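Q: Residue numbers (our numbering), protein chains in the order written: chain F, 10 to 297; chain A, 43 to 500.
Every residue gets a Cβ at the ideal spot worked out from N, C-alpha and C, and that includes glycine.
The model shown is predicted, which means the values in this text are computed figures rather than measured ones.
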Amino acid sequence: MSDRWLAVAFISPALLLLLAMSVFPLLWALYLSFTDYSATRGGPAHFVGFENYTAILTSAQVHLRALTTLIYVVGAVTLQTVLGFAIAYLISRRTHGRGLLTTLFLVPMMLSQVVVGLFWRFMLDAQFGVINSMLGSLGLGQVEWLTRQRTALISLIVVDTWQWTPFIMLIALAGLTAVPKYLYEAASIDRASEWFRFRTITLPLVWPLLLIAVLFRAIEAFRLFDLVYILTSGGPGVSTETLSFHVYKVAFLGFNTGTASAYGILMVLVVIVLTQLYLRYLNKLKED
Amino acid sequence: MRLATAAMLVATTMAACGQDDGAKASAPKAPATIPELTKDPLTLSFIWFDWPPAHALEAFANAEYTKERSNVTIKVNTVPNANWHDAMFTQFAAHKTDFDIPILDSQHIGEAVTNGNILDLTDFVKKNIDVKAYNPYLLAAYGQYPQAETGKRDENASMYGLPLLGDTWTMIYRKDLIGDKPPQTWDEMISVAEKCQADNPGVSGLAFHQANGSDAAAVTYNTVNGVYGGNLWDSKTRKIEGVINDTAGQEAMDVLVNKMKPLTAKGSGNWFIDEVNAAVAQGKACIAFNWIAASGGLLDPKQSTLGTTREQILDKLGFATLPSQKTNLVPLGGMGMHVSAYSPAANQAEALNFMKWFEQADIQKKWAAAGGVPSRTDALESPEFLNAGPFNQVYADSVSRMRDMWNVPEYARLVDIENTNVNAALNGAKTPKDALDDIAKEQQGVLDSGSRKGGGGL
């Protein structure tokens with residue numbers, strides 16, 4: 010068997026699996042998105058052109074969910090980036106116990122979203138939750154964390170931040186430890202201040218790596234479903250209903266499969282376009 | 043690029059070939075006579091949501107049914123309440139189910155029937171079930187489709203299920219706080235709760251379902267709507283707009299949001315069955331509403347702070363039918379048993395045999411004694427049922443007062459619209475009027491687009 014055929018033999022199982030599990034469903038969804046197909050109602054799928062796409066793009070309900078998702082993504086990712094970098098910076102300056110601290114900080118990230126959701130649902134319970142109990146002992150009033158419009162979205166951001174700050178921290182820590190020590194040594198010879206060293210050495214060198222972490226987190230946050238499902242069910246009303254949660258409802262409550270497929274395709278397109286713009290910025294940064 | 047084109051071609055071809063099998067949109071018929079049953083080991087699987095009656099059913103069926111069918115094991119698969127509809131209908135969509143007997147909510151029947159997901163049991167029922175033994179309204183609610191406009195059974199209509207568990211709301215009240223006599227009218231109930239809350243710091247006047255998921259907040263609004271003389275829709279003209287948000291509907295929403303909600307515990311805007319039970323068991327509510335089938339745990343001293351014995355708890359807790367106001371309507375709960383159209387033939391035969399066995403008078407009485415709520419009149423009036431729990435008399439007294447929701451294929455979307463909007467009103471995210479008008483408008487949109495297969499899902 011030639012090298013070429015050997016390579017084909019090794020690659021083809023994985024390639025076929027990828028085609029069957031990933032590429033084919035995507036193309037299938039793309040096809041369905043141009044039809045009126047419903048998974049439960051059966052019957053043949055009728056071609057409806059761009060009707061589903063037009064309905065989604067002009068829907069006030071979708072616009073509202075897009076805004077909710079945007080607030081969530083920007084809020085959560087910003088908070089996680091600031092906190093993650095700050096923690097990483099503090100840990101990187103320690104010589105003792107760095108490994109233990111890093112491991113401890115990583116624990117939330119290891120937990121499943123469902124466990125985190127249920128755990129925080131109890132923590133944030135207005136009547137019996139630990140958070141309100143602590144606020145009460147400080148003489149502060151009870152907060153309806155999950156049942157008021159503003160606090161519900163803030164709660165989601167806080168919980169997501171609690172779980173995913175370690176991810177940013179981990180990547181930032183990798184960047185921080187990779188900064189060549191001689192740069193700091195040269196700066197200290199020049200009697201550069203701490204702030205100057207941070208601003209001119211640390212941040213510029215870690216920044217590209219941090220931006221990649223932000224990219225990953227933003228894509229993940231854009232797809233937020235589990236926490237919403239468990240913590241708020243999209244409530245109060247639909248005020249924490251994200252795009253992912255809404256597309257789930259379209260797909261599985263109404264079983265409007267064609268519409269849901271178009272919705273999913275649009276979400277993928279948004280991620281691809283934004284990622285491309287972001288990557289261009291990253292490349293530009295690298296060139297500069 | 044060539045790869046993508048090829049994949050696209052495959053997808054299109056498969057789409058063209060693969061969707062014809064779903065073209066038929068009527069339920070397949072079950073045989074009138076039960077086919078020969080297998081002697082091989084067989085597991086008969088149910089699907090239900092996770093709550094005490096589901097566990098009671100599995101224990102009861104394995105203890106009793108296996109006396110006759112020793113090769114059969116009963117398995118009741120449970121999912122969280124919020125996943126119940128999806129868990130069943132995603133499997134129906136795949137035309138392959140890991141359950142033989144789906145326990146459908148009464149309002150799910152329309153969707154399952156029009157999609158051909160469950161067997162038409164009309165001939166089977168005629169030959170094997172004594173339909174006269176039931177309250178006709180219950181038989182219709184749990185099995186008939188289309189549902190009769192009056193809610194009464196139409197003897198010529200098709201049957202797709204048989205009752206498994208009857209249910210309605212009971213009012214749970216603290217005898218030690220408000221006295222032995224339960225309030226008789228809704229207005230009286232509100233003022234009693236108000237006084238009780240004022241007299242007992244730390245105890246809220248009311249506890250009821252307000253959550254965003256399942257049908258929690260929707261049933262609460264429907265109940266108040268019914269009591270204050272409102273209607274959910276005009277089933278003849280399929281009109282919701284102008285009906286649910288008429289004067290009676292607005293009064294009901296006003297009562298719910300402005301009079302009842304202020305009497306609930308802070309942060310109770312996401313409470314459902316378990317949270318209401320917990321509030322009662324921990325002595326945190328003067329008056330509460332909950333489904334009867336979920337109320338058994340309230341008498342368990344291990345779960346209650348109201349007493350160390352069942353008797354001590356019953357000294358403090360009373361159970362009564364819902365107060366009336368302009369009408370005396372109560373919500374219909376409970377579910378029926380159905381047979382999956384996608385089960386193997388041997389399992390379908392066993393499912394039919396189980397249903398025939400389960401609906402017998404003496405088995406229904408045993409089911410009642412085991413914690414079930416029967417639908418046969420003789421079992422409902424039996425001492426086995428009435429003595430099994432302090433709330434069972436409430437159910438027996440409520441049967442003639444029940445009102446169901448819309449039994450239509452669009453149910454899942456209609457209830458979601460109502461749930462999210464009532465939840466929004468209860469939690470201050472919308473004004474009561476806006477919430478009600480939005481319900482009417484959005485639900486009407488769903489009904490009007492019902493004939494279209496795509497779209498309308500936003």
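Secondary structure at A362 (chain A), three-state DSSP: helix, strand or coil?
A: On the second sequence, position 320 is the one that residue 362 (chain A) refers to. In the displayed model, A362 (chain A) falls within a strand according to three-state DSSP.
Q: Determine whether the Cβ of V17 (chain F) lies closer than 8 Å to any Cβ atom of chain A.
A: As a position in the first sequence, residue 17 (chain F) is number 8, starting the count at 1. Not one chain A Cβ lies under 8 Å of V17 (chain F).
Q: Helix or strand or just coil, what does DSSP make of L207 (chain A)?
A: Against the second sequence, residue 207 (chain A) aligns to sequence position 165. Secondary structure of L207 (chain A) (DSSP, three-state): strand.
Q: May I have the straight-line CA-CA distance separating S277 (chain A) from A183 (chain A), to the nearest angstrom?
A: Translated into positions along the second sequence, residue 277 (chain A) becomes position 235. Translated into positions along the second sequence, residue 183 (chain A) becomes position 141. Distance between the alpha carbons of S277 (chain A) and A183 (chain A): 15 Å.
Q: Of all the CB atoms in chain F, is at least one closer than 8 Å to the CB of F331 (chain A)?
A: For the purposes of this step, residue 331 (chain A) is taken as residue 289 along the second sequence, with counting starting at 1. F331 (chain A) does not count as touching chain F.
Q: Is L348 (chain A) close to chain F, meaning its C-beta is less than 8 Å from at least one C-beta of that chain?
A: Counting from one through the second sequence, the residue named residue 348 (chain A) turns up at place 306. Not one chain F Cβ lies under 8 Å of L348 (chain A).
Q: For a contact defined as C-beta to C-beta under 9 Å, what are the partners of R13 (chain F) on chain A?
A: For the purposes of this step, residue 13 (chain F) is identified with residue 4 of the first sequence, where counting begins at 1. Those within 9 Å of R13 (chain F) in chain A number zero; the least Cβ separation is about 18 Å.
Q: To the nearest angstrom, how far is it from the Cα of D297 (chain F) to the Cα of M178 (chain F)?
A: Taking the first residue of the first sequence as position 1, residue 297 (chain F) is located at position 288. Taking the first residue of the first sequence as position 1, residue 178 (chain F) is located at position 169. So the alpha carbons of these two residues sit roughly 25 Å apart.
Q: Determine the closest residue to D209 (chain A) out of A:V436, A:Q189, A:H127 and A:P474, with distance taken between C-alpha atoms.
A: Within the second sequence, residue 209 (chain A) is the residue found at index 167, counting from 1. Answer by Cα proximity: A:V436.
Q: Counting beta carbon pairs with one atom in the segment 168-179 of chain A and one in the segment 404-422 of chain A, are three or more of them shorter than 8 Å?
A: yes
Q: Using a threshold of 8 Å, state whether the C-beta atoms of G338 (chain A) and Q345 (chain A) are closer than that.
A: Walking along the second sequence from the start, residue 338 (chain A) turns up at place 296. Walking along the second sequence from the start, residue 345 (chain A) turns up at place 303. It is not a contact, given that the beta carbons lie outside the stated cut-off.
Q: In terms of residues, what are the limits of the beta strand (DSSP E) holding A101 (chain A)?
A: Walking along the second sequence from the start, residue 101 (chain A) turns up at place 59. Note, A101 (chain A): premise wrong, no beta strand (DSSP E); alpha helix (DSSP H) at P94 to E110.
Q: According to DSSP, simplified to helix, strand and coil, what is F88 (chain A)?
A: Position 46 of the second sequence, counting from 1, holds the residue named residue 88 (chain A). Of the three classes helix, strand and coil, the one that applies to F88 (chain A) here is strand, per DSSP.
Q: To the nearest angstrom, how far is it from the Cα of R200 (chain F) to the Cα of Y193 (chain F)?
A: Along the first sequence, one-based indexing puts residue 200 (chain F) at 191. Along the first sequence, one-based indexing puts residue 193 (chain F) at 184. Taking the straight line joining both Cα atoms gives about 10 Å.
Q: Do the CB positions of F314 (chain A) and S246 (chain A) come within less than 8 Å of each other?
A: Numbered from its first residue, the second sequence carries residue 314 (chain A) at position 272. Numbered from its first residue, the second sequence carries residue 246 (chain A) at position 204. No; because the gap between Cβ atoms is not below 8 Å, this pair is not in contact.
Q: Can N463 (chain A) and K472 (chain A) be called in contact, C-beta distance under 8 Å?
A: Position 421 of the second sequence holds residue 463 (chain A). Position 430 of the second sequence holds residue 472 (chain A). In this structure, K472 (chain A) lies closer than 8 Å to N463 (chain A) by Cβ.
Q: Could you have a look at D142 (chain A) and say whether DSSP puts it in helix, strand or coil?
A: Translated into the one-based positions of the second sequence, residue 142 (chain A) becomes position 100. Coil.
Q: Mind pulling the alpha helix (DSSP H) runs of 4 or more residues that sit fully within the segment 156-242 of chain A?
A: 164-170, 178-185, 217-220 and 228-241
Q: Residues of chain F with a CB under 8 Å from the CB of A412 (chain A): which are they?
A: Start at 1 with the first residue of the second sequence, and residue 412 (chain A) comes out as number 370. Near A412 (chain A) there are no residues of chain F at all, since even the closest Cβ is about 31 Å away, more than 8 Å.
Q: Could you check whether the Cβ of I65 (chain F) sits closer than 8 Å to any Cβ belonging to chain A?
A: By one-based count along the first sequence, residue 65 (chain F) stands at place 56. Yes - at least one Cβ of chain A is within 8 Å of the one on I65 (chain F).
Q: Tell whether a beta-carbon distance below 8 Å holds between L109 (chain F) and T266 (chain F).
A: Counting from 1 along the first sequence, the entry for residue 109 (chain F) is found at position 100. Counting from 1 along the first sequence, the entry for residue 266 (chain F) is found at position 257. Contact flag unset, no.
Q: Could you name the residues of chain F that R455 (chain A) contacts, counting a contact when the two beta carbons are closer than 8 Å?
A: Your numbering for residue 455 (chain A) matches position 413 in the second sequence. Residues of chain F passing the Cβ test: L262 and G263.
Q: For the segment 214-228 of chain A and the segment 320-336 of chain A, state whether three or more C-beta atom pairs, one from each stretch, are separated by less than 8 Å.
A: yes
Q: I want to see whether chain A comes within less than 8 Å of V280 (chain F), judged by CB atoms only; does it?
A: One-based indexing of the first sequence puts residue 280 (chain F) at position 271. Chain A contact via Cβ: absent.
Q: Examine chain F for any beta-carbon lying closer than 8 Å to the beta-carbon of A175 (chain A), and answer yes or no.
A: On the second sequence, residue 175 (chain A) is found 133 positions in, with the first residue counted as 1. No, its Cβ sits nowhere closer than 8 Å to a Cβ of chain F.
Q: May I ask you to report which of helix, strand or coil DSSP gives R455 (chain A)?
A: Taking the second sequence and counting its residues from 1, one reaches residue 455 (chain A) at position 413. Three-state result, R455 (chain A): helix.
Q: Would Q136 (chain F) pass as a contact of A69 (chain A) if the rule is Cβ separation under 8 Å?
A: Within the first sequence, numbered from 1, the residue matching residue 136 (chain F) stands at position 127. Within the second sequence, numbered from 1, the residue matching residue 69 (chain A) stands at position 27. No; because the gap between Cβ atoms is not below 8 Å, this pair is not in contact.
Q: Could you say if the segment 382-391 of chain A and the segment 189-200 of chain A meet the contact criterion of at least three C-beta pairs nearer than 8 Å?
A: no
Q: Quick one, are the C-beta atoms of A391 (chain A) and L79 (chain A) less than 8 Å apart?
A: Taking the first residue of the second sequence as position 1, residue 391 (chain A) is located at position 349. Taking the first residue of the second sequence as position 1, residue 79 (chain A) is located at position 37. It is a contact, given that the beta carbons lie within the stated cut-off.
Q: Can you confirm whether G246 (chain F), when its beta carbon is compared against all beta carbons of chain A, has any partner nearer than 8 Å?
A: Translated into the one-based positions of the first sequence, residue 246 (chain F) becomes position 237. Closer than 8 Å: yes.
Q: Please check if any C-beta of chain A sits within less than 8 Å of the C-beta of G148 (chain F).
A: Position 139 of the first sequence, counted from the start, is the residue given in the question as residue 148 (chain F). Cβ-Cβ to chain A under 8 Å: no for G148 (chain F).
Q: Determine the DSSP secondary structure at N429 (chain A), reduced to helix, strand or coil.
A: If you number the second sequence from 1, residue 429 (chain A) lands on position 387. N429 (chain A): coil per DSSP, three-state reduction.
Q: Going by DSSP in three states, I151 (chain A) sits in which element: helix, strand or coil?
A: As a first step, residue 151 (chain A) is located in the second sequence; it is residue number 109 there, counting from the start. Looking at I151 (chain A) - three-state DSSP - the assignment turns out to be helix.
Q: Exposed or buried, Q226 (chain A), counting other C-beta atoms within 10 Å across all chains shown (16 or more means buried)?
A: The residue you call residue 226 (chain A) lines up with position 184 of the second sequence. Exposed.
Q: Would you give the residue range spanned by the alpha helix (DSSP H) that A69 (chain A) belongs to?
A: Here residue 69 (chain A) refers to the residue found at position 27 of the second sequence. Counting along the chain, A69 (chain A) falls outside any alpha helix (DSSP H), and DSSP gives it neither H nor E.
Q: Per the contact definition of three or more C-beta pairs closer than 8 Å, is the segment 136-151 of chain A in contact with the segment 100-107 of chain A?
A: no
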